[in-house]
Amino acid sequence: MKATEELMQEHRVIERVLTALERAATRLSKGQDVYLRFFAGTTVFIKNFADGCHHQKEEGILFPAMIENGLSRETGPVAVMLAEHEEGRRLTQKMRQSLEKLQGCDDAARNELVQNALGYIKLLRQHIYKEDNILFPMADKVIPTEQQQQITEAFKLLEHDETGEDVHEKYLGLAVRLESECLR
């Protein structure tokens, strides 16, 4: 399997969590009860899987290979993806902050949490579309086959923590739990 195919499979997992987050944010915006731990779990998933694992594969391994093979870091698709990763981190931080306020009985934070969640969802859906349809096909063209195999191997190393635990599988399990929790 190509590295870009692996990243696209991870996109499908992230999209499932985005759908659950959208459902929860919509319910919260209508004044319906939503377990706040769902939002806490979602921010943990985003921080540790979407950003901590997936984006690290892109930023630390794939993008440098693309740059090494002729793409620019300062302009064009790689630069746009990096800027969107930063925006995603900013929105996730704002989501965590508004969640903390809401947990502290600040009802005004409810709308903040909803808006930050919906902003993150919109950003990530557009971002994933661009990567799947523009950036990854470009990577497949510019990165030589033997280097693509090295990238896939480097991805596997990144999926394990310092103790050897498969962090990747742990967060795939969290995604399933978030989906089912949102359906309650």
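Taking this note's numbering, I'd label the letters of the sequence shown as residues 67 to 250.
All residues carry an ideal CB built from backbone N, CA and C; glycine is no exception.
{"Asked": "Paired residues, beta bridge with Asp117 - DSSP", "Found": "The partner list for Asp117 (beta bridge, DSSP) is empty, contrary to what the question assumes."}
{"Asked": "Asp99 in three-state terms, based on DSSP", "Found": "coil"}
{"Asked": "4-residue-minimum alpha helix (DSSP H) runs that sit fully inside the stretch 165 to 234, ordered along the chain", "Found": "175 to 196, 202 to 208, 211 to 224"}
{"Asked": "Leu137, DSSP secondary structure in three states", "Found": "coil"}
{"Asked": "Validate contact between the stretch 182 to 194 and the stretch 88 to 107 using beta carbons, cut 8 Å, 3 pairs", "Found": "yes"}
{"Asked": "Nearest to Leu137 (by Cα), restricted to the options Ser246, Lys207, Cys171", "Found": "Lys207"}
{"Asked": "Cα-Cα separation between Thr158 and His120, rounded to whole angstroms", "Found": "15 Å"}
{"Asked": "Contacting residues, own chain, Cβ-Cβ under 7 Å from Ala116 (five flanking each side not counted)", "Found": "Ile80"}
{"Asked": "Cβ pair Ala69, Ile217 closer than 8 Å", "Found": "yes"}
{"Asked": "Of the listed residues Glu125, Asn177, Lys222, nearest to Ser164 (C-alpha basis)", "Found": "Asn177"}
{"Asked": "For Gly154, the three-state DSSP class (helix, strand or coil)", "Found": "helix"}
{"Asked": "Minimum C-alpha distance to Ala131 - residue among Val242, Ser95, Leu201, Ala174", "Found": "Leu201"}
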